[in-house]
Structures are given as C-alpha cells and as structure tokens.
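Those letters in the sequence shown? Residues 1 to 237, by this note's numbering.
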Amino acid sequence: MGQSEPVLVPEVSQSRVEVRQGFTGANLLLYGAVIDPAGARSNTQYDIVVVLKGPTEPIRLREKERIAGIWMNAGSSDFRSAPSFFAVASSRPVEEIVDPLTAAIYELGTEFIQLSPSGQIEPEEQARFASGLVDMRERAGLYKEDTQGVRISEGVLYQARIALPSNVTTGEYTAETFAIANGRVLASATADIEVVKVGLEGRVVQAAERWSLFYGLLAIALSLGMGWLAGRLFARM
C-alpha cells in the first residue's frame, strides 16, 4: 500500500541562538515543504500553523488587592508547566482552519496553552488567573499570535518568521509545524532550537550550574565584603 498522508519537511534558519551581552533579540525563519503522496495531481489546499514553545517552568501567580489603603496579596494560583515563551504563526486565523477542540488538543493559540494548574481552586478562578498570566506575558512580548504569519507558495512551500525578544529564557525551544486541510491535522513535524548564553554571562551561568555550592559561597562572601567596605567608607564620612 502506498503512503496516503502528506509528510512535512521542516527547517529553521538558526538551530542555535547565542545570547551575548547587549542581546536585542533574534528573528527566526521557519520554513519547509508539504510532500503530498499524490504529487502534482493533488488538489488539497493546506493551511500551515507553526507553534514555537520555550522551556516550561512552574510559576505562582499572585493577585493583589487594596485593603485599608494597603496593597496586599489576596489570592494566588500555581501552574506546573507554563512555557517561558509561546508563539503561534498561521496562514490564516486558526478559528477558520480548525474547530476549538482541535485547536485545544494541539495548542494552536495562546488561549489553548496547557498550563497544568495545581492546588485547590475553583475552575472559574483558575481560568481568570490563566488569562491574567497570558495577558501579562503578551505585554512582555513572550506570548504572541500572528494570524498572517505563514506564507504558502505553490501550495506546498511555506515560511514563517517569529521574533524572539531580548528577555527570552535560555534553554531548549521546540518549533512544531502542522499541515491542516478540511479541518484535520494531517501531518506534523518538530524542529529543535537551542537558546544559550555565551561570553562572560555564559561562563557565569555554567559556573553556577557546575559548582553551585562554591558559587553560592562566593556570592555570600562578595556580599559580606561589599557590605563591610561600604560600612568603612560611610564611617569615614
């Protein structure tokens, strides 16, 4: 039997992004082709959606409330796996491509990010905190959607551009591309991108990870030394 489903062949312009001092961000080009088993005889019109996700991290979101004229923590919600970066680029609005259930399964939008909430909290409160987290990171440029971010040429070639801001978290990023037709995800493929610190900052990070105990002791010693020096200087004034 011949192959009946299309195959995605993805590429990325940079598989490694180096964060140096003065890093202002990077523009990634994600491109590739949809190989249809029917070849030129196929009349299938594909839509493409690209989802770029950064390393996940646990996060506690707190809500402040003004009580007796003082801003205080009034509530909180914990999420076990919030992506540090999340971007979606599509050939047209996702709601025109798939139904909400399919979009939720494949996380084809910021409203469908699987944050894995934890703790005892009402579903309505969880949804409100999740919406607040997404809004906060959208304003920081860490979560974004571009409904016209993918260009398709000749029906099978695609390209998308996604900008990484200067405040991105280092680590392993995953770019997942979906080929969709008639409301169904017919093919998907993944490309990995590594964001690393290099130069002096990179060496400091590596030292902190490899020799965490000595790094912590050195940081304490430096803090004590700076405090003692500052005290001596002020005592002479």
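Each residue gets a CB set at the ideal place from its N, CA and C atoms; glycine is no exception.
On a CA-only basis, which of 108, 173, 81 is nearest residue 57? Give me that one, please.
81
Euclidean distance between Cα positions of residue 155 and residue 125:
44 Å
What's the gap between the Cα of residue 114 and the Cα of residue 165?
22 Å
Beta-carbon within less than 6 Å of residue 181's beta-carbon, same chain only, minus the 5 sequence neighbours each way: which residues are those?
44, 46
Would residue 119 and residue 78 be called neighbours here (beta carbons separated by less than 7 Å)?
yes
Answer with buried or exposed for residue 25, where buried requires no fewer than 16 other C-beta atoms within 10 angstroms of its C-beta.
exposed
Using the Cα positions of residue 107 and residue 99, report the straight-line distance between them to the nearest angstrom.
12 Å
Got a sec, what are the start and stop residues for the alpha helix (DSSP H) residue 190 sits in?
Looking at the DSSP string, residue 190 is not in any alpha helix (DSSP H); the run it does join, the beta strand (DSSP E), is 184 to 197.
N-terminal and C-terminal residue of the beta strand (DSSP E) that residue 126 is part of
First-last for residue 126: 123 to 139, but that is the alpha helix (DSSP H), not the beta strand (DSSP E).
Identity of the residue in 140, 92, 112, 62 nearest residue 150 by Cα:
92
Rank 86, 62, 169 by C-alpha distance to the C-alpha of residue 76 and give the top, closest one.
62
With DSSP as the reference, label residue 154 as helix, strand or coil.
coil
Would you please state the rounded distance, in angstroms, between the beta carbons of residue 169 and residue 54? I believe it to be under 8 Å.
6 Å
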